[in-house]
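K.L.:
The numbering of the sequence shown is the working numbering, which starts it at 17 and goes up by one.
C-beta atoms are modelled at their ideal positions from N, C-alpha and C, and glycine is treated no differently.
Just so we're clear, the structure is a prediction, and the values are computed from it rather than from any experiment.
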Amino acid sequence: MKYLIGSVILILLLQFISCNNSTNPSDDNEQDIFGCTDPDADNYNPNATIDDGSCEYGTEDVFGCTDSNAANYNPNATIDDGSCDYIPAIVIGQETDSWYLGESAFMGYRLSNIGGTTAYNVQYRLQINYKCLTGSFSPNWKQQYLSYTYDGNIPAGKSKSFTELIELCSSLGILAFNFEISQILWD
């Protein structure tokens, strides 16, 4: 039994000595350090042993167009360099309603600016085609142009609706009627 206790003490002593006499003392205390390992990054960590994807790089000035209404808007630009390009105003017309009763004709229509800038001094013409009731069986179509100027502006992406009530066929009334927006001008 003496030998058994002596052997156990010897084994424990050898284990204790081997733990304290490690050839690389830093191996026992080394831990993984997460962080940015790119020396070019603003938040570089020279002690990091594992790159965790957190590297951040300087916010340098980005030149470009900063106007979100421009065709070449750059959401990453921090300094406007005067390079903004704009799609010109493009105004289109659309007939929205029409009816006639007796001598009166009603026209509803919309002017829409589908371009990139405001349309100023909008002028337009309506072409009206109608037949008046007469005593004859085959009345002829008549054509008339009405010119208008809208005193306001139509901003990009906006529309303006209009209505007109005109008197035609002063005798017996209107037999047939239609209209169209025939011309649109703007600055």
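Under 8 Å between the Cβ atoms of Ile200 and Tyr136?
P.N.:
No, the pair does not count as a contact, with Cβ atoms beyond the cut-off.
K.L.:
Can you check DSSP and say which residues form a bridge with Ala121?
P.N.:
DSSP lists Tyr116, Ile182 as partners of Ala121.
K.L.:
Quick one: what does DSSP say Tyr60 is sitting in, helix, strand or coil?
P.N.:
Of the three classes helix, strand and coil, the one that applies to Tyr60 here is strand, per DSSP.
K.L.:
So, using beta-carbon positions, are Ala172 and Gly131 closer together than 8 Å?
P.N.:
Yes.
K.L.:
Are three or more beta carbon pairs between the segment 138–153 and the segment 75–86 nearer than 8 Å?
P.N.:
Touching, no.
K.L.:
Is the beta carbon of Ser70 closer than 8 Å to that of Cys52?
P.N.:
Yes.
K.L.:
Within the chosen definition, does the segment 144–161 reach the segment 88–101 through at least 3 CB pairs nearer than 8 Å?
P.N.:
The segment 144–161 vs the segment 88–101: no contact.
K.L.:
Figure out for me which residue from Thr179, Asn59, Leu184, Asp56 has the closest Cα to the Cα of Trp157.
P.N.:
Out of Thr179, Asn59, Leu184, Asp56, Leu184 has the C-alpha closest to the C-alpha of Trp157.
K.L.:
Determine the DSSP secondary structure at Cys148, reduced to helix, strand or coil.
P.N.:
In the structure shown, Cys148 sits in a strand (DSSP, three-state: E or B).
K.L.:
With burial defined as no fewer than 16 other Cβ atoms inside 10 Å of the residue's Cβ, what is the status of Asn59: buried or exposed?
P.N.:
Looking at its Cβ environment, which holds fewer than 16 other Cβ atoms inside 10 Å, Asn59 is exposed.
K.L.:
Can you check whether the CB of Leu191 is closer than 8 Å to the CB of Leu149?
P.N.:
For Leu149 and Leu191, yes; Cβs fall inside 8 Å.
K.L.:
Assuming Asn129 and Ile106 form a contact by the criterion Cβ under 8 Å, report the distance between their Cβ atoms to the nearest whole angstrom.
P.N.:
Yes, Asn129 and Ile106 are in contact; Cβ-Cβ is about 7 Å, under 8 Å.
K.L.:
For Tyr197, count neighbouring Cβ atoms within 10 angstroms of its own Cβ and tell me buried if that reaches 16, exposed if not.
P.N.:
Here residue 197 is Ile; the residue named in the question, Tyr, does not match the sequence. Result: buried.
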